[in-house]
Amino acid sequence: MCGIVGFTGRDNAAPILLDGLKKLEYRGYDSAGVAINGDGVITMVKVSGKINNLCEKTENGAAISGSAGIGHTRWATHGAPNDINAHPHMSMDGKFAIVHNGIIENYAELRLELQESGYEFLSETDTEVIVHLLDHYYDGDLKETIMKTVSRLEGSYALGVICADFPDAVFAARQNSPLILGVGVGENYFASDVTALVSRTKNVIYLDDGELAELSPSNISIFDCIGRPVQKQISRVAWDIEAAEKGGYEHFMLKEIMEQPRAVKAAIEPRVRSGKIAFDELDLTDEYLTNVDRIYITACGSAFHAGQVGKYALEALLGVPIEVDFASEFRYRDPIINERSLVIVISQSGETADTIAALNEAKRRGAKTIAIVNVVGSTIAKTADNVLYTWAGPEIAVATTKGYTTQVAVLYMLSVCLASRLRRISAETEARLTEEILMLPSQIQRAIDLNPHIPYLAKRYHENSSVFFIGRNMDYAACLEGSLKLKEISYIHSEAYAAGELKHGTIALIEPGRLVVCLACCERLFDKMMSNVKEVKARGAKVIGVTAEGRKRIFSEADDVIFVPTAEELFCAVSEIIPLQLFAYHVAKENGCDIDKPKNLAKSVTVE
Ligand code: AGP
Numbered sequence: 057m058c059g060i061v062g063f064t065g066r067d068n069a070a071p072i073l074l075d076g077l078k079k080l081e082y083r084g085y086d087s088a089g090v091a092i093n094g095d096g097v098i099t100m101v102k103v104s105g106k107i108n109n110l111c112e113k114t115e116n117g118a119a120i121s122g123s124a125g126i127g128h129t130r131w132a133t134h135g136a137p138n139d140i141n142a143h144p145h146m147s148m149d150g151k152f153a154i155v156h157n158g159i160i161e162n163y164a165e166l167r168l169e170l171q172e173s174g175y176e177f178l179s180e181t182d183t184e185v186i187v188h189l190l191d192h193y194y195d196g197d198l199k200e201t202i203m204k205t206v207s208r209l210e211g212s213y214a215l216g217v218i219c220a221d222f223p224d225a226v227f228a229a230r231q232n233s234p235l236i237l238g239v240g241v242g243e244n245y246f247a248s249d250v251t252a253l254v255s256r257t258k259n260v261i262y263l264d265d266g267e268l269a270e271l272s273p274s275n276i277s278i279f280d281c282i283g284r285p286v287q288k289q290i291s292r293v294a295w296d297i298e299a300a301e302k303g304g305y306e307h308f309m310l311k312e313i314m315e316q317p318r319a320v321k322a323a324i325e326p327r328v329r330s331g332k333i334a335f336d337e338l339d340l341t342d343e344y345l346t347n348v349d350r351i352y353i354t355a356c357g358s359a360f361h362a363g364q365v366g367k368y369a370l371e372a373l374l375g376v377p378i379e380v381d382f383a384s385e386f387r388y389r390d391p392i393i394n395e396r397s398l399v400i401v402i403s404q405s406g407e408t409a410d411t412i413a414a415l416n417e418a419k420r421r422g423a424k425t426i427a428i429v430n431v432v433g434s435t436i437a438k439t440a441d442n443v444l445y446t447w448a449g450p451e452i453a454v455a456t457t458k459g460y461t462t463q464v465a466v467l468y469m470l471s472v473c474l475a476s477r478l479r480r481i482s483a484e485t486e487a488r489l490t491e492e493i494l495m496l497p498s499q500i501q502r503a504i505d506l507n508p509h510i511p512y513l514a515k516r517y518h519e520n521s522s523v524f525f526i527g528r529n530m531d532y533a534a535c536l537e538g539s540l541k542l543k544e545i546s547y548i549h550s551e552a553y554a555a556g557e558l559k560h561g562t563i564a565l566i567e568p569g570r571l572v573v574c575l576a577c578c579e580r581l582f583d584k585m586m587s588n589v590k591e592v593k594a595r596g597a598k599v600i601g602v603t604a605e606g607r608k609r610i611f612s613e614a615d616d617v618i619f620v621p622t623a624e625e626l627f628c629a630v631s632e633i634i635p636l637q638l639f640a641y642h643v644a645k646e647n648g649c650d651i652d653k654p655k656n657l658a659k660s661v662t663v664e
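Mapping of the sequence shown onto my numbering: residues 57 to 664, in sequence order.
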């Protein structure tokens, strides 16, 4: 997704903007640019490709003077990634420059209207209509001009604006796309997410939809879409910029894989007191919970896979039907929701457009909602009736790892907590399961320590053109995530399949040399899985068997074995995903892929 930054202060703006854009690189982009207001003259420089191209062109910002400006990294939605379509976009007379994250749904009609009024468009973007609207409405009152302009826009925008007539001001406006203000001393900022500004200030203001902000070096004014002042709380960012740095690892992804014991511990520990799990932040009465007759879980990508894992634990412990659906499907399938439905949405970023829409749809239909989210103050966190933060810390790599395992850990805790409140489990079972959950961080560490040979397996199998992950029950749910990890960073085609289903057609694709990763951590289904291993071996497949340490029978059939710690069967997904994350990482490394910023992908998909 696009990233935007803005700065106004006493220092030269360009180097600060470039540094902010570098912190947003992880979001994925294909072009970048800055526009600086230098005493009433706006200078704009933008390039396709990486931010380094921009740094070279501007001598790391030294070549542009001015203490107020805006910057942008573009993830192309309308128009190819090139210098013309890159942001910022400037008005024909050079008075305005803007940067935008989101999609203007009605840009075609606005473009036609503006062209008929004589405006010439240089780019193919939807964004360019905004800068010409500013010019069209401008009468000297910039705040009024921006309000009129955004009132014409339909869709989503996080918008940054500078105007030559206001040398030290930058403006920001937000609708359905995240925008955060940074409160400094003698300087102020805005950005798409906290990562871009936390090195300059940890005091932030989360703009809400429909709000606009005027920033000067000494002041921030916030007002609503009709110009009324709005009072906002200043929040304190809970982590340091080092948390968003690589910390000596070659890639953010590897750092975040290794951080998982700490991240999962951070998700668990605040919620276990005197041996019991409690979610103080959950505002649902026992009476309401007793009346719930269906729970929906909806999310995208890995968050959806976490939901699939959570389904098994919730159904086993609560005895309530759980329906898991892609957010992009949920919102359009006319879900049967009423006041007895509980809807859980899961999102690391809290800004995924499809998940936001699904959440709003669930609320519109009368369901109570719970959000399991990592990014504090994100749109989903602020929209849901209840938010359970995963406390994983900033996740920079596009491919989620600690985001996923902390989501699963919260789902496990929620299952035990609700089952206890509904008296569906005994006190002994609750105590035992709580102990198991408290052991998850050490089990993750053991899953790492048990498998120093993963790089060797990657060397052995990295040239496969297609890989299958098969499993049963929650092993199958873990296969979904293991498969996505491999394909999204190594670009090898991969498919997760319910092991019992393979023989109903897909086994036709198993041919000599085909790699099949068989997850067999569920003890009661181990023999069934061994039969499936034999089936694929009979057709010439190479098999990596993944099972609990000590289950040595798997050696009789598998070509290679990965052991994970023996865990409570309901909770095995958190440790068995670890070697699959590492396998994907090392295969991608063998294949020379851009591991932290895979092609075509973005860290947070804030468009439909
Ligand atoms: C997973 O590695 C991907 N980055 C992607 O599938 C991601 O999980 C999905 O886009 C959902 O993102 P969210 O958790 O921020 O909503």
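Here a beta-carbon is modelled for each residue, glycine too, at the ideal position from N, C-alpha and C.
Distances from the CB of Ser-612 to the heavy atoms of ligand 1 are all 7 Å or more. For the beta strand (DSSP E) assignment, the uninterrupted runs of no fewer than 3 residues enclosed by the segment 458-541 are, from N- to C-terminal side, 522-527. Checking the DSSP bridge columns, you'll see His-192 has no partner listed. At a Cβ-Cβ threshold of 8 Å, Ile-324 and Ala-437 do not count as neighbours.
DSSP, reduced to helix, strand and coil, places Ser-550 within a strand of the structure shown. Here the alpha carbons of Ile-452 and Cys-578 stand approximately 32 Å from one another. The beta-carbon distance between Val-226 and Ile-72, rounded to whole angstroms, is 12 Å. This is too long to meet the 8 Å contact definition.
Per DSSP, the beta-bridge partners of Ile-426 are Ile-400 and Asn-442. In terms of CA proximity to Leu-489, Cys-473 leads the group Arg-479, Cys-473 and Arg-477.
Residue burial is scored here from C-beta neighbours: Phe-63 has at least 16 other C-beta atoms within 10 angstroms and is therefore classed as buried. In this chain, the beta strand (DSSP E) harbouring Gln-231 covers 226-231. Val-599 is not a Cβ neighbour of Lys-608, given a cutoff of 8 Å.
If you draw a 10 Å sphere on the C-beta of Arg-83, you find 16 or more other C-beta atoms in it, and that means buried. Under DSSP, Val-328 takes part in a beta bridge, and its partners are Ile-333.
Excluding five sequence positions before and after Asp-410, the CB atoms of its chain that fall closer than 6 Å to its own CB belong to Cys-356, Ala-383 and Ser-384, given in chain order. Per the DSSP secondary-structure output, Ala-153 pairs in a beta bridge with Met-146 and Ile-218. Excluding sequence positions up to five before and after Ala-533, its CB lies within less than 7 Å of the CB of His-361, Gln-364, Val-365, Tyr-368 and Ala-629, all in the same chain and listed in chain order. The DSSP-derived three-state label of Glu-176 is coil. Counting C-beta pairs with one atom in each stretch, the segment 173-184 and the segment 149-161 have three or more that are closer than 8 Å, which means they touch.
A distance of 8 Å or more separates the beta carbons of Lys-78 and Ala-142. Per the coordinates, the alpha-carbon of Ala-614 lies some 7 Å from the alpha-carbon of Val-589. Per DSSP, reduced to three states, the secondary structure at Tyr-641 is helical. Three or more pairs of CB atoms, one per stretch, sit closer than 8 Å, so the segment 565-580 contacts the segment 514-529. The residue among Arg-570, Ser-612 and Glu-605 with its C-alpha nearest the C-alpha of Ser-587 is Ser-612. As far as DSSP is concerned, Asp-342 takes part in no beta bridge. When rounded, the separation of the alpha-carbon atoms in Gly-174 and Ala-214 is 27 Å. Around the CB of Ser-660, 16 or more other CB atoms lie within 10 Å, so the residue is classed as buried. CA-CA distance, Val-286 to Asp-280, rounds to 6 Å.
The segment 271-280 and the segment 417-434 do not touch, with fewer than three beta-carbon pairs separated by less than 8 Å. According to the DSSP assignment, Glu-379 belongs to the beta strand (DSSP E) that extends over 378-382. The residues Ile-402, Ser-403, Gln-404 and Gln-463, in chain order, have a CB closer than 7 Å to that of Ala-359 in the same chain once the five nearest residues on each side in sequence are set aside. Counting along the chain, no beta strand (DSSP E) covers Asn-647, and no H or E run does either. For Thr-354, the enclosing beta strand (DSSP E) starts and ends at 350-355. Burial of Gln-499 is indicated by the presence of at least 16 other C-beta atoms within 10 angstroms of its C-beta.
An exposed status is given to Lys-559, since fewer than 16 other beta-carbon atoms sit within 10 Å of its beta-carbon. In the three-state reduction of the DSSP assignment, Tyr-245 falls in the strand class.
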